[in-house]
Amino acid sequence: MNTELPKQYQPSEVQSRWLDYWKENGYFDANPNPNKKPHTIMIPLPNVTGALHMGHALNGTLQDLITRWRRMQGYEALWMPGTDHAGIATQAVVERRMFEEEGLTRHDIGRDALVERIWAWKDSYEKRILEQLRQLGASCDWRRTRFTLDETCSKAVRRTFFRFFKDGLIFRGKRLVNWDPHLQTAVANDEVFHEEVDGHFWTFTYPVVEKVDSGESIVDSGTATTSINSQLSTINYRETGEKLAFSTTRPETMIGDSAICVHPTDERYEHLVGKHVRIPVTGRVIPIIADALLAKKELGTGCVKVTPAHDHNDYACGLRNNLEQINILNPDATINEHGGEKYQGMDRYDCRTKIVEDMEALGHFVEVEDRKIELAHSDRSKSPVEPYLSDQWFVKMDDWADGKPGLAQSAMDAVNDRRVRFFPQRYQRTYLDWLGEKRDWCISRQLWWGHRIPVWQLKWGVNTSESSENIWSESEVVALLMEWISESGLDDETEVRPDSANETILICTLTEDADHKLAEFAQVLEEADKSSDEEYGKLYPSGPHLMQTVLSLDQEEDVLDTWFSSALWPHATLGWPDTENNPPLADGSSGPSTLDSQPSRNEVLDYFYPGNVLITSRDIITLWVARMVLTGLYNMGDVPFSHVHVHPKILDGFGQTMSKSKGNGCDPQDLIDRYGTDAVRFSIASFAGETQDVKLPMGYECPHCQHVVPQALDGKGPMVKPETVKGTLKGTSDKVLMPCPKCKKESQFSTPQYDLDPAQPAARMVSERFEYGRNFCNKLWNAARFAILNLEGYTPGKIEESDLRLEDRWILSRLSRVTEEVTTLLGRYQFDKATQAIRDFTWNEFCDWYLEMIKPRLKGEGQGARDEGQGDSEKASAQRVLVGVLDGLVRLLQPFTPFICEELWQRLNEVAPERGLFEPVKAVESVMIASWPYDVDNADQSLFPPSLQDDILEHRFSRLQETVVAVRNIRAVYGIGSSVPVKLFMKCEPGVAEELQVCADQFENLAKTILEAAGAEVDRPAASASFNLKDADGFVPLEGLVDVAAELERQKKEADKLRGFIRGHSGKLQNEKFVSNAPEKVVAEVRETLAGLEKQLESVEAVISQLGDG
RNA sequence: GGACGAUUAGCUCAGUUGGCUAGAGCGCCACGUUGACAUCGUGGAGGUCACUGGUUCAAGUCCAGUAUCGUCCA
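Okay, so the first sequence: first residue is -9 according to this note's numbering, each after it adds one.
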């Protein structure tokens, strides 16, 4: 490897080498270590639905940055990797693909076969996801990689559910859910999107009816015969002749109407409240109610129909007014028995048509208008969802009856008393507001992919038609069950609770073993010959009347909400609930132990829990973050992390969120291949500020001619595609070719909508914004290249104070500040500012000034060489400082750009294995394990301690910089080439003059300028251009070159500028109120500034008058 | 509908508790390539800080309202 560095940084060559090296040395591994403090980050587990996108790249970069930083700070830093089975999302994606490619539905192949296919999908994407993370340089402890359905996580899920169940926190209830009739599952709110569709807005009437006195005969009004268990069904009604008009977009729901609602203050209907109407198509009679929240006077007729079982607002209204909830749909969205003979079995949309016809025929149709309707769609199946009343399982979030804080409150308390802190802080509000509602958590999903709800239901009923007198009571069944459980040795693994409302006994199981035994039991119950006393006698040893009782035992079909398992991530991954053994590693072992004897406790859990920071995006603060905190408190008695950093979202160039369906997503690998991992990481870190989301204009680079085709919106909606592609892409599965506007050749283009054909040329995604990072890496590379080229003859050695020249002291002062600043900024998760601080230092200070200034010394041509023949020692000290600074810089950058830093560290190890400012030592074998250059707890012991920081020196240096810039400016204005020497005269105080003289050699070096004279006695030479600083005036004689008129113009402009500032400042000082009200310090500052400005103006005016004379 | 955020140079963004001449990167213009880097260097142009009011000696910054955009929750 001892070859010269190439002129350009070539990332791909470097990356694979160091990934292997790090892995071989186990630098990513974290083990319990009593000599170090732990630092734990749990990855926001990516879904195995698909490959990682830019959001993941951002998320991963920041976590890796913090992990690498903490590792260098001496923490035992664990970054726990893993993936989420993502229930609905993954099942849907597999089902969709299966249907598209083979025309099969899940019902065609069955539960086991589908689950098998999903596992295959999971295996393939998990592999891809983990590889993507590796390519990003993620320093996860890969041995500990977890998956939410693996054995370790499953145990945690079962234990948690079991504990919830035992504590009475699990219950079953009916809730209005978003029902996806296509997938036949409930869909979470966040899995629903709204889309405008063409619809109709019908207006109908219901006839008002009144009770018929008992005994009076009924005239043509029907009875509420179809009503369900309503007392109304036994009462007769007749029409009063009045009609109530209302509008609806879903006429079929009138089958399930429970009321008509008006506003309480609506005078038009005041007299009708409390009366009834009849639903013409079913004949059912329902009340007219008043509800201020549901009805709006000014909207339409002011009347609305209320269908509590099929509309979210109506549901709430139904609860407020104690209305009946009438479910009218089957799971496939056909009408159920409440439709009666006329409608039962019809699809909801067919029924809608039929009802409209019937209403019209019955004379209750008023009008219809076309209207755009916001319709909820399932994100997974893309089909409309129906609000639907169904049986679901819940976790109770509310407080206990005795006022003890419940799960939600405990998680709120943790944030309120700052055990968990949000960065930026404003996000804690999202968390607290959401938890504050204390809504019960619906944890059941009607899916096949996931953790099956570990509950069995035991039902009992009558065996024969003979007599039900002797049927067992609930307590008798429970007693029998308990006896069986005890005999089976399942006392600790099951929990039994009667669910009287559903005439069911619930049995929660903790283990698979218990499930097996219950399954066997169920089998026996099913097969038992109910007529054989002998058989039954074995089963049910007690009681002679069992022949009348039949038992059935079924396992719950639903699976748990994905968030149930991910809520446990922070402790489940560490092996909880096993508190006695370390969690298994990938190789099956339990990893190194700090205990000599056989471990008797789970050290990994003890050591790494609670974690330190969760780094995530804001859209899962509620669904995930809040639930991790509450399960952590519930299971572990402690919060899962003390900080939550919420980073920005990545948007496309049009400010839209990236998504697969919009086609604007981007595989980070495209960018990594194009710009290099470090460049991508550095750029991403620079984007990660506190307020703004990240807008990324993207383009596609033509593989033939490298022309970049920008992304464009498709003109109608949010779809994004290369601007040369005509037409819409939505719903297309054919691969679309993109013509290049420049070379006219076609290529595929990178899109999340389908996989590229690797055999064909493809236009990959590019974005100018990543050139920021690429250019920076190249700059750093070349700075290091320069240093290494100039280290010939380097010897390690302590740097004496007397060896340090102005630029050395300055760069050390600056580096000390920057290391301190970056440390502070990272501690606050201000990645954008940290990145900028490092870039500015590297580019604008280290490269632009320091490297330029030491070039003469490195060549043995410094001032010392000329004046005193000290060339060798000057060179040696320059090399030592250079190596020291570069060493520090590489350390500082390692968390941001690990690959280039490792490469440079290794190169440095070859040419300067021993280095360090004050005590040169042999450098460690990898920058990953080098120490962080700023020690927070012990600043004085830092590599670049604060004692190096020197305000006065930095001020002196600024003057040098300003002088050089001013001379360069004059060169540019007068078109004097940089190789033509010029002379410089500086008029200033003697002290300043002395300081200028000290760095005279640098004027020559940096600006090819000879400092002829400096001091108070200096006069403006004739025919010179001039400039002025705060404490000095500079003159550059330009014999023959100076254009008097132009120079006069330049100086007058300068004078005008100064006068403007002076006006502003003196205005302030003349303002009585300012002088009396503003703080003394501010007033003094203004005075001082004004004095300086006036002095400068004086100088400029002197020059102007001379020019005028000349 | 509620909460939060944003609106500053052509583009993407910084701008601390109000306080000296509002900054950066990219892009643009001019000049510059015999050894660190053209993924570069030097210099420069470019901003009524969305709008309207208010508070203040002083507002990009604080307050109120308006407009537009975004996110989350309903």
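For each residue, glycine too, the CB sits at the ideal point set by N, CA and C. Model, not experiment: these values are computed from the prediction.
- Its chain contains A1013 as the residues whose beta carbon lies nearer than 8 Å to that of G1030, once the 5 sequence neighbours on both sides are disregarded; these appear in chain order.
- According to the DSSP assignment, Y597 belongs to the alpha helix (DSSP H) that extends over E593 to F598.
- Per the C-alpha coordinates, the member of V715, E758 and F151 positioned closest to P444 is F151.
- Taking a C-beta distance under 8 Å as the contact criterion, V670 and F631 do not qualify as a contact pair.
- Distance from the CA of L876 to the CA of L882, rounded to the nearest whole angstrom, comes to 10 Å.
- Each residue's CA atom was taken as its position, placing N303 and D340 some 24 Å apart.
- Taking a cut-off of 8 Å for Cβ pairs, the region 277 to 293 and the region 316 to 328 do not touch, as fewer than three such pairs fall below it.
- Non-local beta-carbon contacts of A235 in its own chain, meaning distances under 8 Å to residues more than five positions away in sequence, involve T193, F194, T195, T291, C293 and V356 in chain order.
- Taking T667 as the centre and dropping the five residues before and after it, the same chain places the C-beta of P1, Q5, Q125, L126, G127 and F889 closer than 7 Å to its C-beta, in chain order.
- Check the Cα spacing between D930 and each of I844, R807 and G622: the tightest is with R807.
- Under the three-pair Cβ rule at 8 Å, the region 914 to 925 counts as touching the region 893 to 900.
- The beta carbon of R829 is closer than 7 Å to those of F766 in its chain, skipping five residues each way along the sequence.
- Distance from the CA of E1002 to the CA of R61, rounded to the nearest whole angstrom, comes to 53 Å.
- The Cβ atoms of L1038 and L1087 do not sit closer than 8 Å to each other.
- Nearest to E1007 by C-alpha distance, out of A616, C978 and T999, is C978.
- Beta-bridge analysis with DSSP links D360 to H190.
- Taking K823 as reference, the option from A675, Q860 and Q(-2) with the minimal CA-CA separation is A675.
- Considering only R754, H184 and L815, the residue with the shortest C-alpha distance to P374 is H184.
- According to the DSSP assignment, N303 belongs to no beta strand (DSSP E) but to the alpha helix (DSSP H) extending over H302 to N311.
- A check of alpha carbon separations from T563 across S607, M618, E691 and I495 identifies M618 as the nearest.
- If you ignore the 5 residues before and after A401, its C-beta comes within less than 6 Å of the C-beta of L425, A616, V619 and L620, all in its own chain and listed in chain order.
- Annotation for D113: the continuous alpha helix (DSSP H) segment containing it runs R96 to Q125.
- Across the set V358, K732 and T420, the C-alpha of K732 shows the shortest separation from the C-alpha of C692.
- If you look at R134, you'll find it isn't in any alpha helix (DSSP H); DSSP assigns it neither H nor E.
- DSSP, reduced to helix, strand and coil, places D337 within a strand of the structure shown.
- As the crow flies, the alpha-carbon of H697 is around 10 Å from that of G689.
- Under the DSSP definition of a beta bridge, D140 lacks any partner.
- In the DSSP assignment, V271 falls outside any beta strand (DSSP E), carrying neither H nor E.
- With contacts defined by Cβ atoms closer than 8 Å, E483 and L496 do not form a contacting pair.
- The beta carbon of A990 sits closer than 6 Å to those of L1001, all from its chain and outside the five residues before and after it, given in chain order.
- Beta-carbon to beta-carbon, L781 and A855 are separated by about 18 Å, too far to satisfy the 8 Å threshold.
- In this structure the region 462 to 476 does not lie against the region 130 to 145, because fewer than three pairs of beta carbons, one per stretch, are closer than 8 Å.
- Under a 10 Å Cβ-count criterion, K652 is classified as buried, with 16 or more other Cβ atoms of the shown protein chains found around its own Cβ.
- By the neighbour-count criterion, in which 16 or more other beta carbons inside 10 Å mark a residue as buried, P748 falls on the exposed side.
- Per the Cβ contact rule, the region 935 to 952 is in contact with the region 796 to 807 (3 or more Cβ pairs under 8 Å).
- Bounds of the beta strand (DSSP E) holding D381 are E376 to V385.
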